[in-house]
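The opening residue of the sequence shown carries number 1096 in my numbering; numbering runs sequentially from there.
To start, the structure itself, in structure tokens.
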Amino acid sequence: MSRYATEDVDDFIKGQENINTSKKTKSDIKILVDFLRSERNELRPIEEIDPHDLNDHLKHFFINIRKEDGSPTAPVSSIGEGVDLKSGLGTHGTWFIDPMDSTAWVMSGYNNVKTLERYNNKMSLSGSPVETITLAQGCSGTGHVVNAGYLYCNLHRSNKVMKVQISTKEKVGEVILTDAGFNNAYPYKWGGYSDIDLALDSGNRLYAIYGSKRNNGNYAIALLDIDTLVIVATWQIDVEKRQTRDSFMANGMLYILDSNYHFTYRFDTTTNSLTSLSSSEFQYGSRKGYLTSLQYIPGRCELLAYDKGYLQTRSIHF
């Protein structure tokens, strides 16, 4: 019999994982505490800070990190014309690129969507998918994203965001957005259960864009921890979501597209400010006529559009 029992090895490994997690947590908290003291003049222990004050502090903390990681912070200056990569799909759907490995993913439909198609990259979209995956639980709307092999989407008929490990089809996390409308309460104008729209951004950030119940269906944004789905910060915006076509996040800024395909507003999470945009400032350009998804892919300077069954890319310039 081995002198080292399997259980002892497993216990040792788990113990080391707990130790490493504890060390990392303590290190992260120290960074936050140092920031609060030096940059925000906040001397209270974290557990004694009022939730409203802590939320404001955390917004500035994560904005500060974004600036230090070298990510661009300039607003969008122009968007290029659409380049068709695939056509002939259903009217409603979305597609996205995993920024970690450039794989392309397509999800058609908007009601209890469970089918996920994988392509090696965007240039292989003209062919057949290399894999078709059926999820155990469905997604609502078209605001789904994939990052590092995980799917993030609005769990069907709920105000929850769920995280699924695609390789195992296992749900590994979820968070309830208590303020978010769902099931066509505050969708984009085209409907389609588009109440909760997820967006990747620079600095490995994940946002949820939704209509706020406590603000009469106006836009709200939640910054989610991409690993744990913990809500880090939230913003309220006085623009009615149901009267707009779509939106996307880029460099911490939300760009709102109206039903006439004009970008009418930009909201900056850094300054908590809303700016009106003129139709001549920058335009969406020509279209197929029924846009149901618009996604910015960080690090690639392009938008992905699902427009009336066409999969398109559009260059984006800062």
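We treat Cβ as the ideally placed atom computed from N, Cα and C, and that holds for glycine.
- Annotation for I1271: N1254, K1255 place their beta carbon closer than 7 Å to its own, counting only its chain and skipping 5 residues before and after.
- With fewer than 16 other beta carbons inside 10 angstroms of its own, N1355 counts as exposed.
- Across the structure, V1267 and S1374 are spaced so that their CA atoms are roughly 42 Å apart.
- Looking at the DSSP output, D1151 shares a beta bridge with no other residue.
- Around L1318, the same chain offers F1157, R1300, Y1302, V1327, A1328 as residues with beta carbons nearer than 7 Å, after the five sequence neighbours per side are excluded.
- When rounded, the separation of the alpha-carbon atoms in E1212 and L1246 is 12 Å.
- Counted as a single uninterrupted DSSP element, the beta strand (DSSP E) harbouring N1313 occupies residues 1313-1319.
- Listed in chain order, the non-local C-beta contacts of G1183 below 7 Å within the same chain comprise G1404, local neighbours out to five positions each way being set aside.
- The C-beta separation of L1250 from K1217 comes to about 27 Å, leaving the pair out of contact by the 8 Å criterion.
- The Cβ atoms of F1362 and L1372 lie no closer than 8 Å to each other.
- Within a 10 Å sphere around the beta-carbon of D1402 sit 16 or more other beta-carbons, which makes this residue buried.
- According to the DSSP assignment, N1367 belongs to no beta strand (DSSP E), since it is labelled neither H nor E.
- Remark: three or more beta-carbon pairs, one from each stretch, lie closer than 8 Å, so the stretch 1218-1234 and the stretch 1197-1210 are flagged as touching.
- A residue is called buried once 16 or more other Cβ atoms fall within 10 Å of its Cβ, and R1139, having fewer, is exposed.
- Inter-segment contact for the stretch 1258-1265 and the stretch 1302-1315 is absent: fewer than three beta-carbon pairs are separated by less than 8 Å.
- Counting only runs that start and end inside the stretch 1221-1291, the beta strand (DSSP E) elements of at least 3 residues fall at 1226-1242, 1245-1250, 1255-1260, 1265-1271.
- Bounds of the beta strand (DSSP E) holding I1411 are 1405-1412.
- Secondary structure of L1324 (DSSP, three-state): coil.
- By the neighbour-count definition (other C-beta atoms within 10 Å, threshold 16), E1397 is a buried residue.
- In the three-state scheme derived from DSSP, where H, G and I count as helix and E and B as strand, M1218 is classed as helix.
- By the neighbour-count criterion, in which a residue is buried when 16 or more other Cβ atoms sit within 10 angstroms of its Cβ, H1147 is exposed.
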